[in-house]
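A short worksheet on the structure shown next.
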Amino acid sequence: MIDPKLIRHDAKIVLDNLSKRKNDFKLDDYLSAEEAARKIQTEVENLRSTKNKLTKTIGSSKLDEKAKEKIVDEVHEINESLKDAEAKLEGLSVEVKNLSLLLPNILHESVPDGNDEKDNVKIRQWGEIREFSFEPKDHTQLGEDSGWIDFQSASKISGSRFAVIIDRYAQLHRSLIHFMLDIQTNVNGYTEYYVPSIIRSECLEGTGQLPKFAEDQYKIENEENLYLIPTAEVPLTNLVRESIIETNQLPIKMVAHTPCYRQEAGSYGQDTRGMIRQHQFEKVELVHIVKPEESYQALEELTENAESILVKLGLPYRVMLLCSSDTGFAAAKTYDIEVWLPSQNKYREISSCSNCESFQARRMKARFKDLKTNQNEYVHTLNGSGLAVGRTFIAVLENYQNEDGTITIPEVLRPYMGGIEII
RNA sequence: GGAGAGGUGGCAGAGCGGUCGAAUGCGGCGGUCUUGAAAACCGUUGAUGGUUAAUAGCUAUCCGGGGGUUCGAAUCCCUCCCUCUCCGCCA
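Going by this note's numbering, 228 is the number at position 228 of the first sequence; the sequence numbering is gapless.
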């Protein structure tokens, strides 16, 4: 949600932003509803004010019966008008609220204008792309040859876009999770959280997945209000919802490993083969809750924290600054980290690090007391994968494969694999 | 799943039809004292929206959510949600 006052007073900023994002939100509808709502609100308030004054005279003074009756009659009349006005106000408020939930965040000035992912800007890259002396296989082939990724069984028990990972591959997959959590907590200074992966709809609204992206969420049947999390960003960020945080508690840096569930509606035909795009995958997620003036520094830090995993694993990657149309709904600025996949001969997204500024905080009512102004202000929230485990797993398999189909375990993972060097 | 208790300001906790946005304590902030700090003492301190240049005034709303009764509801009624305790079941 963006500041209603900004929309009202600087509609041009919002319009420009919508056009940069190639978003077809009807700002005029919003503006006229909002104006009408404020107008009727004044009306309602005046009626209530008069009523309150009258009502107070009844209890406190020694009016005779007749005078009392007269006032009661008057109040009855006011109540009639109020009923109408309040109903109108309620209708308009709901309309305004619903529309405002569909407005995307304002982009940061440093975000380049662009039409699609081709306009994303490379910020930096790291690592040497390995020259293979043989034709590298993709992870699906490696999994098939070793027998340690079983898509057929997954399909039997769950359907498409699921995988069963077996034996050494399962260990490798688990080791990655453990490794990432250790680095983020012990080296990068995050506090580890274990959180529910079933959450209330308010949380999804808070972080921006609802109402706009409802079709991508898994809803729990027979439960009015519960969903599977699409990312740990949702439970972690919502930990501060509806609260006023002590200034000295900031910044908060959280990390959690969770499964993530996504319907992947609208991505039919994309990445259908293999483990790139699954309905269920593991992710280690980083979330920062910070003061506004620190959020862009925090974005750099968070991105580097995510990168540090790839550096330690020795996986080549590049960091891309997303252009205007590619930046997510809730984000003001996003860096994607893309890892090299030899089988596809290109970089693929493995982490997305975003500064949402106050967009989520406003939806969640997450504030802190600014000691300088003694005012409550919205915090800034950031999130990023540190990293997507399934995709990291794929990257390790493909980049560390040997000609005979075995995988050399990256050195940093060996302690987690009981010292095994090759699987 | 069954039985009971309860949800009030940052926290704890009173209020149980009008004078209550709400006692009191803690915490926070400001001050006195002090070389400094602590203690003590004094003062101050809820949120959100509208109006506004205003973080000034004025105003409305908020005592878990929604609905109802009433001239008037934190207080009475209905309903939903949540938390806690005990029993049952269970990894």
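We put the CB at the ideal spot given by N, CA and C, even for glycine.
For clarity, every value in this text was computed on a predicted model and none was experimentally measured.
LEU313 - DSSP class collapsed to helix/strand/coil:
helix
Who are the Cβ neighbours of THR303 in its own chain at under 6 Å, not counting the five residues just before and after it?
TYR335, CYS353
Which residue marks the beginning of the beta strand (DSSP E) containing TYR190, and which one marks its end?
No beta strand (DSSP E) contains TYR190, which DSSP labels as neither H nor E.
Output the residue ranges of the beta strand (DSSP E) runs that lie fully inside the region 104 to 129 and measure 3 residues or longer, sorted by chain position.
121 to 126
Does the region 374 to 381 come close enough to the region 274 to 285 that 3 or more CB-CB pairs lie under 8 Å?
no
If I'm right that VAL339 touches HIS173 with Cβ under 8 Å, what's the distance once you round it to whole angstroms?
Rounded, the Cβ-Cβ distance is 16 Å, inconsistent with contact.
Apart from the five residues just before and just after PRO230, which ones in its own chain have a Cβ nearer than 7 Å to its Cβ?
GLN209, ASP216, GLN217, CYS260, TYR261, ARG262
On the DSSP bridge assignment, give the partners of LYS333 in chain order.
ASN355
Give the DSSP-derived three-state secondary structure of HIS380 in the structure shown.
strand
My guess is that LYS66 and ILE58 are in contact by the Cβ rule of under 8 Å, so how many angstroms apart are they, rounded?
Contact flag wrong, Cβ pair sits at about 13 Å.
Rounded to whole angstroms, what's the CA-CA distance from HIS178 to MET1? Just pull it up for me.
35 Å
Could you give the distance in angstroms between the alpha-carbon of GLN401 and the alpha-carbon of ARG168?
14 Å
Give a yes or no on whether the C-beta atoms belonging to LEU387 and ILE309 are separated by under 9 Å.
yes
Can you tell me where the alpha helix (DSSP H) with HIS173 in it begins and where it stops?
167 to 182
Candidates PRO316, ILE422, LYS312: closest to VAL412 by CA position
LYS312
Please go through the same chain and pick out, in chain order, the residues whose beta-carbon is closer than 6 Å to the beta-carbon of ILE252, but skip the five residues on each side of it.
ILE289
Which whole-angstrom value is the C-beta distance of ALA33 and GLU95, which I expect to be below 8 Å?
5 Å
Taking 7 Å as the limit between beta carbons, can you name the residues of its chain near SER93, skipping five residues before and five after?
ALA37
Using CA coordinates, which residue listed in SER385, THR406, SER243 is at the minimum distance from ARG362?
SER243
If ASN355 and ALA332 are in contact, beta carbons under 8 Å, what's the gap, nearest whole angstrom?
5 Å
Candidates VAL284, GLU285, ASP24, of which the one nearest LEU99 by Cα:
ASP24
Count the other C-beta atoms from every protein chain shown that fall within 10 angstroms of the C-beta of ARG161, then say buried if there are 16 or more, exposed otherwise.
buried
Between the beta-carbon of THR207 and the beta-carbon of GLN41, is there less than 9 Å?
no
CYS203 in three-state terms, based on DSSP:
helix
What residues match up with GLN375 in a beta bridge as DSSP calls it?
ASP370
For SER267, is the classification buried or exposed, using 16 other Cβ atoms within 10 angstroms of its Cβ as the cut-off for buried?
exposed
Could you check which residue in TYR317, GLU264, LEU54 has the C-alpha nearest to that of TRP126?
TYR317
Can you tell me whether PRO196 is buried or exposed? The criterion is at least 16 other CB atoms within 10 Å of its CB, across all chains shown.
exposed
Who pairs with LYS283 in a beta bridge, going by DSSP?
THR258, ALA388
Mind checking who ARG38 pairs with in its DSSP beta bridge?
ARG38 is not bridged to any residue.
Taking the beta strand (DSSP E) that LEU228 belongs to, which residues open and close that run?
226 to 228
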